[in-house]
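Each residue of the sequence shown is one higher than the one before, starting from 1 at the first, in the numbering used here. Note that the Cβ used here is the ideal one computed from N, Cα and C, for glycine as well. None of the values given here were measured: they were computed from a predicted structure. Accompanying notes for the structure given below.
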Amino acid sequence: MNGLTRLKRANLTELLRLIHFHGELSRSQLAEEANITRSSVLGLVAELEDRGLVEQVTGLATGEIGRPSTLVRPSENIVVFTVAPLYDSIVVATVTFAGKVVRRDTRILQELPTPQEFTRAAAELIAEQTLQLDPNALIAGIGVAIPGHVRMDEGVVRNAYSLAWNDVPLAQMLSEATALPTWLANDGSLASLAEYRFGAGKGLSNLILLLGAVGGIGGGIIVDGNLVRGRDGFAGELGHAPISDDERSSYAGIPGSLDSMVNRLELINALGLARADDETLAAAVRRRAHEPELSALLEHQADYLGRALGMFINMFNPEAIVLTGYLRIIFEVRRDRVMQSVRRDALAQLAEGCEIRLDALGADILSIGAAELPLGQLIGNPTEHPLAKGAVTTPA
Numbered sequence: 001m002n003g004l005t006r007l008k009r010a011n012l013t014e015l016l017r018l019i020h021f022h023g024e025l026s027r028s029q030l031a032e033e034a035n036i037t038r039s040s041v042l043g044l045v046a047e048l049e050d051r052g053l054v055e056q057v058t059g060l061a062t063g064e065i066g067r068p069s070t071l072v073r074p075s076e077n078i079v080v081f082t083v084a085p086l087y088d089s090i091v092v093a094t095v096t097f098a099g100k101v102v103r104r105d106t107r108i109l110q111e112l113p114t115p116q117e118f119t120r121a122a123a124e125l126i127a128e129q130t131l132q133l134d135p136n137a138l139i140a141g142i143g144v145a146i147p148g149h150v151r152m153d154e155g156v157v158r159n160a161y162s163l164a165w166n167d168v169p170l171a172q173m174l175s176e177a178t179a180l181p182t183w184l185a186n187d188g189s190l191a192s193l194a195e196y197r198f199g200a201g202k203g204l205s206n207l208i209l210l211l212g213a214v215g216g217i218g219g220g221i222i223v224d225g226n227l228v229r230g231r232d233g234f235a236g237e238l239g240h241a242p243i244s245d246d247e248r249s250s251y252a253g254i255p256g257s258l259d260s261m262v263n264r265l266e267l268i269n270a271l272g273l274a275r276a277d278d279e280t281l282a283a284a285v286r287r288r289a290h291e292p293e294l295s296a297l298l299e300h301q302a303d304y305l306g307r308a309l310g311m312f313i314n315m316f317n318p319e320a321i322v323l324t325g326y327l328r329i330i331f332e333v334r335r336d337r338v339m340q341s342v343r344r345d346a347l348a349q350l351a352e353g354c355e356i357r358l359d360a361l362g363a364d365i366l367s368i369g370a371a372e373l374p375l376g377q378l379i380g381n382p383t384e385h386p387l388a389k390g391a392v393t394t395p396a
């Protein structure tokens with residue numbers, strides 16, 4: 001690849017990245033943001049449009065006044081599939097290039113799925129969703145949000161404690177089952193990127209996210225606009241941080257961790273529920289938060305959640321900490337108790353500049369985050385990334 005070709009590809013990638021993150025921009029805005037001449041933008045956008053990656057429409061872009069101009073936005077025909085394996089269910093979604101979840105299906109499981117069972121169920125749900133796509137749809141691949149450690153370059157689940165999976169070549173398995181390229185990453189990392197780019201963290205540079213998921217607490221750390229991955233890509237396991245001398249252990253076997261002291265299953269059991277999604281759990285907690293036994297549990301968990309938040313504020317000096325899932329429920333009904341604990345354990349000069357926020361993406365957070373895996377591959381290689389059209393095969 002010669003220098004001019006590399007420059008053109010870099011410019012195509014930058015324009016596609018801007019269009020994806022902003023939703024729609026005028027060509028003049030693209031030229032300014034990407035520092036490319038308007039004439040060059042005209043040709044580059046035409047090439048992206050020819051490949052079916054963007055659309056051009058007439059209108060006013062956000063922040064612009066005056067006469068309507070030509071706006072460039074992500075093509076509605078580009079879609080990806082996302083998958084999230086949980087210990088009691090599998091969630092598969094169809095997500096557009098604009099980051100819109102157009103369909104999400106959940107299959108309830110009676111027991112922990114083996115990797116093979118998970119692959120079969122995910123492929124079946126993907127095949128069903130494929131049948132509902134527009135005939136002109138182009139599929140950019142599959143993104144999977146894993147509740148555990150992932151070797152991203154190999155597509156291998158190194159360890160997922162809540163699923164009892166170890167060294168599973170899941171990307172290869174799912175790709176062979178669907179004939180679609182597949183990428184994996186940690187669910188907390190993907191959730192933090194989703195909120196940072198499109199949700200409660202948009203516009204910030206330093207952000208902590210705590211993912212209150214069915215299988216435990218995950219996390220993600222954004223520092224100066226970059227996701228902290230660590231040596232092996234396993235950084236961000238904030239749920240395993242020890243915050244108590246209590247002997248209760250998490251899935252990982254670490255006593256006194258945030259995951260074991262602020263526990264979703266304890267809330268479920270206290271409410272007498274067999275299982276519950278976050279919406280059902282939130283409604284039940286709000287309705288019964290005054291009951292003595294549940295109130296005592298909420299205050300206990302609020303104390304430890306605040307302790308953890310204070311510790312993370314001291315460690316990372318973030319602009320905001322975003323709470324998702326059942327953690328936001330605890331914060332909503334025991335906000336004062338959580339903040340009392342934060343003020344006790346965080347350094348005042350750090351705490352005063354940090355805002356505790358609730359997630360903006362709700363039930364779509366993992367779908368939007370996982371979609372960034374195949375969409376990121378497309379953005380990085382807009383002229384050659386494979387785009388599939390037609391039925392997805394299901395293993396016999």
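Next item on the list: Enumerate, from N- to C-terminal direction, the unbroken beta strand (DSSP E) stretches of 3 or more residues contained entirely within the region 329–378.
Entry: 355–358
Note to self: Counting only beta-carbon separations shorter than 7 Å, does residue 17 have a partner in chain D?
What the structure shows: As a matter of chain content, chain D is missing from the structure shown, which is built from one protein chain.
Next item on the list: Evaluate the contact criterion for the region 363–371 versus the region 335–352: three or more CB pairs, one atom per stretch, below 8 Å.
Entry: With a cut-off of 8 Å, the region 335–352 and the region 363–371 do not count as touching, because too few Cβ pairs lie within range.
Item checked: Secondary structure of residue 382, DSSP reduced to three states -> Translated into positions along the sequence shown, residue 382 becomes position 382. Coil.
Notebook entry, point to check: To the nearest angstrom, how far is it from the Cα of residue 239 to the Cα of residue 38?
Noted result: Residue mapping note: residue 239 aligns to position 239 of the sequence shown, counting from 1. Residue mapping note: residue 38 aligns to position 38 of the sequence shown, counting from 1. Between the alpha carbons of residue 239 and residue 38 lies a gap of roughly 48 Å.
Item checked: Residue burial classification, residue 345 (beta-carbon count within 10 angstroms, cutoff 16) -> Working through the sequence shown from its first residue, we reach residue 345 at position 345. Residue 345 should be labelled buried.
Check: Do you know how far the Cα of residue 281 is from the Cα of residue 287?
Finding: Position 287 of the sequence shown, counted from the first residue, corresponds to residue 287. Position 281 of the sequence shown, counted from the first residue, corresponds to residue 281. About 10 Å.
Next item on the list: Return the bridge partner residues of residue 107 from the DSSP annotation.
Entry: Taking the sequence shown and counting its residues from 1, the one referred to as residue 107 is at position 107. According to DSSP, residue 107 bridges with 90.
Check: Helix, strand or coil: which one does DSSP assign to residue 243?
Finding: On the sequence shown, residue 243 is found 243 positions in, with the first residue counted as 1. Residue 243: coil per DSSP, three-state reduction.
Checklist line | Coarse secondary structure for residue 8, derived from DSSP in three states | finding: In the sequence shown, counting from the first residue as 1, residue 8 sits at position 8. DSSP places residue 8 in helix when its eight states are reduced to three.
Checklist line | For residue 216, three-class secondary structure by DSSP | finding: Position 216 of the sequence shown, counting from 1, holds the residue named residue 216. Residue state, collapsed to three classes: strand.
Notebook entry, point to check: Are the region 155–175 and the region 117–134 touching by the rule of at least three beta carbon pairs closer than 8 Å?
Noted result: yes
Notebook entry, point to check: How about residue 304 and residue 243: do their beta carbons lie closer than 7 Å?
Noted result: The residue labelled residue 304 in the question sits at position 304 within the sequence shown. The residue labelled residue 243 in the question sits at position 243 within the sequence shown. Yes, Cβ-Cβ distance for residue 304 and residue 243 is below 7 Å.
Next item on the list: Give the C-beta separation of residue 236 and residue 221 to the nearest angstrom, bearing in mind that I take them to be a contact with Cβ-Cβ under 8 Å.
Entry: Translated into the one-based positions of the sequence shown, residue 236 becomes position 236. Translated into the one-based positions of the sequence shown, residue 221 becomes position 221. At roughly 5 Å, the Cβ-Cβ gap stays under 8 Å, so residue 236 and residue 221 are in contact.
Checklist line | residue 386 classed as buried or exposed, judged by whether at least 16 other C-beta atoms fall within 10 angstroms | finding: In the sequence shown, residue 386 corresponds to position 386, counting from 1. Looking at its Cβ environment, which holds fewer than 16 other Cβ atoms inside 10 Å, residue 386 is exposed.
Check: Candidates 48, 118, 81: which alpha carbon is nearest residue 103's?
Finding: Counting from 1 along the sequence shown, the entry for residue 103 is found at position 103. That would be 81, whose Cα lies nearest to the Cα of residue 103.
Item checked: Cβ-based burial, residue 334 [other Cβ within 10 Å; buried from 16] -> The residue labelled residue 334 in the question sits at position 334 within the sequence shown. The residue in question, residue 334, is buried, as its Cβ has 16 or more Cβ neighbours within 10 Å.
Check: Which residue's Cα is closest to the Cα of residue 93: 16, 245, 70, 132?
Finding: Against the sequence shown, residue 93 aligns to sequence position 93. Selected option, being the one with the closest Cα: 132.
Item checked: Environment of residue 315 [buried if 16+ CB atoms lie within 10 Å] -> As a working mapping, residue 315 is identified with position 315 in the sequence shown. Under this definition residue 315 is an exposed residue.
Note to self: Taking 8 Å as the cut-off, does the region 189–201 touch the region 156–164 (at least 3 CB pairs, one atom from each stretch)?
What the structure shows: no
Notebook entry, point to check: How would you label residue 195, buried or exposed, when you count the other beta carbons within 10 angstroms and need 16 or more for buried?
Noted result: Position 195 of the sequence shown, counting from 1, holds the residue named residue 195. Label assigned to residue 195: buried.
Checklist line | Close Cβ partners of residue 45 (< 8 Å) along its chain, the five nearest in sequence each way excluded | finding: By one-based count along the sequence shown, residue 45 stands at place 45. Only 15, 27, 30, 54, 56, 72 meet the Cβ criterion.
Check: Using a Cβ-Cβ cut-off of 7 Å (strictly less than) and excluding sequence neighbours within five positions of residue 75, which residues of its own chain qualify?
Finding: As a first step, residue 75 must be located in the sequence shown, where it is residue number 75. If we look at residue 75 and ignore the five residues flanking it on each side, its Cβ neighbours are 52, 53, 54, 55, 97.
Check: Can you give the Cα-Cα distance for residue 380 and residue 8, rounded to whole angstroms?
Finding: The residue you call residue 380 lines up with position 380 of the sequence shown. The residue you call residue 8 lines up with position 8 of the sequence shown. One C-alpha to the other measures close to 12 Å.
Check: CA-CA distance, residue 230 and residue 148?
Finding: Position 230 of the sequence shown, counting from 1, holds the residue named residue 230. Position 148 of the sequence shown, counting from 1, holds the residue named residue 148. So the alpha carbons of these two residues sit roughly 14 Å apart.
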